[in-house]
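For reference, the structure is listed below as structure tokens.
What follows is the structure, encoded as structure tokens:
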């Protein structure tokens with residue numbers, strides 16, 4: 011199963027969330043691309059595993075491989091954080107990036123659920 015997971019907006023401190031159903035494990039592979047037209051581009055990719063039992067607080071990011079980054083120098087201070095959001099039981103992807111630029115984003119996550 012796969013889904014388009016974002017896009018992130020052009021504003022800093024943006025989160026994207028994939029809800030994990032009760033009593034489910036999800037393996038996922040994510041691809042994120044950022045582009046500032048005529049200026050710079052970047053991409054991030056990573057693979058991981060997240061699990062949720064009954065309560066949202068039980069959501070655990072079990073494993074996340076190193077995030078692969080390919081980017082122009084302008085993106086050197088940008089980052090992608092991946093966490094379990096235990097307030098709602100979800101996978102959370104947070105992007106911190108360059109202020110004062112109109113960044114075009116595209117992202118997708120391919121995942122498999124096991125209940």
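In our numbering, the protein residues as written are 11 to 125.
From the three backbone atoms N, C-alpha and C, an ideal C-beta is built for every residue, glycine too.
All figures in this text were calculated on a predicted structure; none of them were measured in a lab.
Nearest to residue i by CA position, among the options, is which residue?
i, options, result
"residue 124", "117, 47 and 31", "31"
"residue 96", "87, 47, 69 and 115", "69"
"residue 86", "51, 104, 61 and 76", "51"
"residue 33", "26, 46 and 66", "66"
"residue 64", "80, 88 and 35", "35"
What do you get for residue i, buried or exposed, if any count of 16 or more other CB atoms within 10 angstroms of its CB means buried?
i, result
"residue 106", "exposed"
"residue 44", "buried"
"residue 101", "buried"
"residue 48", "exposed"
"residue 117", "buried"
Beta-carbon separation of residue i and residue j under 8 Å?
i, j, result
"residue 122", "residue 37", "yes"
"residue 59", "residue 73", "yes"
"residue 98", "residue 56", "no"
"residue 120", "residue 39", "yes"
"residue 42", "residue 90", "yes"
"residue 80", "residue 108", "no"
DSSP beta-bridge partners for residue i?
i, result
"residue 27", "102"
Runs of beta strand (DSSP E) lying entirely within the segment 31–103, each at least 3 residues, in chain order: 34–46, 50–62, 70–74, 78–81 and 89–95
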